[in-house]
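Under the numbering used here, the first residue of the sequence shown is numbered 29, with each subsequent residue one higher.
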Amino acid sequence: TLSDRLDKVFTGLRGKGRLSDADIDATAREIRIALLEADVALPVVREFIGSVKERARGAAVSQALNPAQQIIKIVNEELVGILGGETRRIRYAKTSPTVIMLAGLQGAGKTTLAGKLGRWLKAQGHTPLLVACDLQRPNAVNQLSVVAGQAGVDVYAPQPGNGVGDPIEVARESIEHARRTMHDVVVVDTAGRLGIDAELMAQAAGIRDAVQPDETLFVVDAMIGQDAVTTAIAFQEGVGFSGVVLTKLDGDARGGAALSVRGVTGQPIMFASTGEKLADFDVFHPERMASRILGMGDVLTLIEQAEQAFDAEQAEKMAGKLASRDGFTLEDFLEQMMAIRKMGPIANLLGMLPGAGQMKEQLKNIDDRDLDRTAAIIRSMTPGERNTPKIINASRRVRIANGSGVTVTEVNSLLERFAQAQKMMGQMAGSMGMPGMGPMSK
Ligand code: GDP
Ligand code: MG
Numbered sequence: 029t030l031s032d033r034l035d036k037v038f039t040g041l042r043g044k045g046r047l048s049d050a051d052i053d054a055t056a057r058e059i060r061i062a063l064l065e066a067d068v069a070l071p072v073v074r075e076f077i078g079s080v081k082e083r084a085r086g087a088a089v090s091q092a093l094n095p096a097q098q099i100i101k102i103v104n105e106e107l108v109g110i111l112g113g114e115t116r117r118i119r120y121a122k123t124s125p126t127v128i129m130l131a132g133l134q135g136a137g138k139t140t141l142a143g144k145l146g147r148w149l150k151a152q153g154h155t156p157l158l159v160a161c162d163l164q165r166p167n168a169v170n171q172l173s174v175v176a177g178q179a180g181v182d183v184y185a186p187q188p189g190n191g192v193g194d195p196i197e198v199a200r201e202s203i204e205h206a207r208r209t210m211h212d213v214v215v216v217d218t219a220g221r222l223g224i225d226a227e228l229m230a231q232a233a234g235i236r237d238a239v240q241p242d243e244t245l246f247v248v249d250a251m252i253g254q255d256a257v258t259t260a261i262a263f264q265e266g267v268g269f270s271g272v273v274l275t276k277l278d279g280d281a282r283g284g285a286a287l288s289v290r291g292v293t294g295q296p297i298m299f300a301s302t303g304e305k306l307a308d309f310d311v312f313h314p315e316r317m318a319s320r321i322l323g324m325g326d327v328l329t330l331i332e333q334a335e336q337a338f339d340a341e342q343a344e345k346m347a348g349k350l351a352s353r354d355g356f357t358l359e360d361f362l363e364q365m366m367a368i369r370k371m372g373p374i375a376n377l378l379g380m381l382p383g384a385g386q387m388k389e390q391l392k393n394i395d396d397r398d399l400d401r402t403a404a405i406i407r408s409m410t411p412g413e414r415n416t417p418k419i420i421n422a423s424r425r426v427r428i429a430n431g432s433g434v435t436v437t438e439v440n441s442l443l444e445r446f447a448q449a450q451k452m453m454g455q456m457a458g459s460m461g462m463p464g465m466g467p468m469s470k
């Protein structure tokens, strides 16, 4: 597996300061193979590897994870990001009915999906109407009626015996019908061919123009692998779509199609189908798909656990320090700043928390160089000074400034910031009710 390969690449790397370019290149090669094995299209793989490399180069080495784990984590985060981050929901029309049109190759799972969507929408309090616009295959209308029956929703179809109707006409009428009969969502099932075909595209485009869908969902079989890209592009050009549904994820496909379609068309994956039954259906979960593509769900869980354990350890250490007589020292201050630097974007997140005003100001002013200077200043202090900053008088400040190559003003400003942080830590510890730290004990 990918994680075994990466373990080999990284043997002996632990403890290095930063991930080297050679390490990152070696890892990128392995990830590339894993993605190609998962059937991700080559151009998408290239672009993906590019962004992973860039992020890995900028990343400071984690103390909680070994380098292999750390890169896997970056790869996973990038994957989840590309696959959509948060799942996009259906955009409902301001005036009913909302029209959802399904498009895709024959056998992709459109008719089954119509039933699944019908069931799902009904469960959310909607009154969906399924519309049969696949008049190509003799049994298609019947198949839609059957799934509608299973879902317990209504179906609109040309009356049998009237000969083959015009799907565009049926589509148009269905919207009128939905209005009259108070159905608030219309799901339009369409015909598909085994391959991409101009006549089919023209028909789908005609239906699109007749019903003006709020959402057009491109339905694609996850098992089609590399073909997903050409098919997706053809449908994007021929009909256009606003979302993607991946079907047959219950099979053994690794799901590379998801990344390819998303990468090539830029449209979000909205739903996932995982079986023939109507209940085998859910909104799309990018994290699940990412671990499936990487083929390392277990590894990702391990990584999460390692990080949590590390964080808990750090927090405990800090709490212990706070509870001790020395309280929060300059040494801790340095450690904390380094931890914030390691967190990167998380620092921004923290800063966005309501009520974290003071923290936000501090975080905003922290950049890497600033941290390095701060570290230098603290390292120029004696252990006594670090533990009891009160003793740092004017002459000591001059000595520290000279020792670390900064001005006395900078030393002063550091000590000031530290005093603020110390106060904050004291307040936090007090409000968390740590033994011996509350204002009561002072
Ligand atoms: P359509 O031609 O696009 O309308 O595709 P259908 O809805 O008729 O589905 C084609 C076949 O795939 C049927 O036998 C379905 O039962 C099956 N199918 C659809 N979705 C899934 C799925 O998510 N998993 C599995 N295993 N089979 C599916
Ligand atoms: Mg069908």
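Every residue, glycine too, gets a C-beta built ideally from N, C-alpha and C.
Within the continuous beta strand (DSSP E) that includes residue i, where are the two ends?
i, result
"GLU243", "243-249"
"ARG274", "The residue asked about is misnamed: residue 274 is Leu in this sequence, not Arg. Residues 271-275."
"THR140", "No beta strand (DSSP E) contains THR140, which is instead part of the alpha helix (DSSP H) from 138-151."
"THR126", "126-131"
"LEU163", "From DSSP, LEU163 is part of no beta strand (DSSP E); its letter is neither H nor E."
"THR484", "Nothing in the structure corresponds to residue 484, since the chain is present only between 29 and 470."
"THR218", "213-218"
"VAL183", "182-184"
"ILE297", "297-301"
"ASP310", "309-311"
Check whether the Cβ of residue i sits closer than 8 Å to any heavy atom of ligand 1, and report yes or no.
i, result
"SER301", "yes"
"THR139", "yes"
"LEU133", "yes"
"GLN513", "For the chain, the structure presents residues 29 to 470; residue 513 sits outside this window and is missing."
"LEU276", "Looking at the sequence shown, residue 276 is not Leu but Lys. Yes, the Cβ of LYS276 comes within 8 Å of a heavy atom of ligand 1."
"ASP212", "no"
"GLY220", "yes"
"GLY253", "no"
"GLY193", "no"
"ALA136", "yes"
"ASP310", "no"
"GLU65", "no"
"GLU341", "no"
Select from the options the residue whose C-alpha is nearest the C-alpha of residue i.
i, options, result
"SER432", "GLY234, SER408, GLY271, GLU197", "SER408"
"ARG401", "GLN336, ILE419, MET366", "MET366"
"ARG116", "ARG397, ARG427, VAL311", "VAL311"
"GLY301", "GLY283, ARG290, GLN295", "For clarity, residue 301 is Ser in the given sequence; the question names Gly instead. It is GLY283 whose Cα lies nearest to the Cα of SER301."
"ASP278", "GLN264, ARG316, GLU344, VAL292", "ARG316"
"ALA54", "GLU65, ALA69, ARG85, TYR184", "ARG85"
"VAL267", "LEU228, ASP249, ASP255", "LEU228"
"LEU306", "LEU145, GLU105, THR123", "LEU145"
"ARG165", "ALA285, ARG290, THR437, ALA219", "ALA219"
"PRO186", "ASP237, ALA199, GLY135", "ALA199"
"ARG21", "GLY271, ALA347, VAL289", "Here the chain covers residues 29 to 470 and nothing more, so residue 21 does not appear."
"VAL291", "HIS154, PRO241, LEU157, SER79", "Correcting the residue type first, residue 291 is Gly in the shown sequence and not Val. Closest by alpha carbon: SER79."
"ARG208", "VAL68, PRO125, ASP51, VAL247", "PRO125"
"GLN134", "VAL273, VAL247, ARG83, ILE59", "VAL247"
"ILE196", "THR275, ASP225, ASP162, ALA285", "ASP162"
"GLU359", "GLN450, VAL72, MET210", "GLN450"
Mind checking which residues open and close the alpha helix (DSSP H) that includes residue i?
i, result
"PHE28", "The structure shown does not extend to residue 28, since the chain is modelled only from 29 to 470, so the question has no answer here."
"ALA121", "Careful: ALA121 lies outside any alpha helix (DSSP H) and carries neither H nor E."
"ILE203", "195-208"
"PRO411", "411-415"
"ALA238", "226-239"
"ASP255", "255-266"
"SER423", "422-432"
"SER288", "284-293"
"GLU304", "It is not in any alpha helix (DSSP H) - GLU304 carries neither H nor E in the DSSP assignment."
"ARG116", "Where ARG116 is concerned, there is no enclosing alpha helix (DSSP H), given that its DSSP letter is neither H nor E."
"ALA318", "314-322"
Would you check whether ligand 2 has a heavy atom nearer than 8 Å to the C-beta of residue i?
i, result
"ALA232", "no"
"ASP162", "yes"
"GLN178", "no"
"GLN364", "no"
"ALA507", "The structure shown does not extend to residue 507, since the chain is modelled only from 29 through 470, so no value can be given for it."
"ASP225", "no"
"ASP249", "no"
"ARG200", "no"
"ARG165", "yes"
"ALA168", "yes"
"ASP217", "yes"
Under a CB-based cut-off of 9 Å, is residue i close to chain D?
i, result
"ALA307", "The structure shown contains no chain D, having only a single protein chain."
The region 161-179 / the region 130-140 touching (three or more Cβ pairs under 8 Å): Flag = yes, the region 161-179 and the region 130-140 touch.
Counting beta carbon pairs with one atom in the region 97-114 and one in the region 257-267, are three or more of them shorter than 8 Å? no
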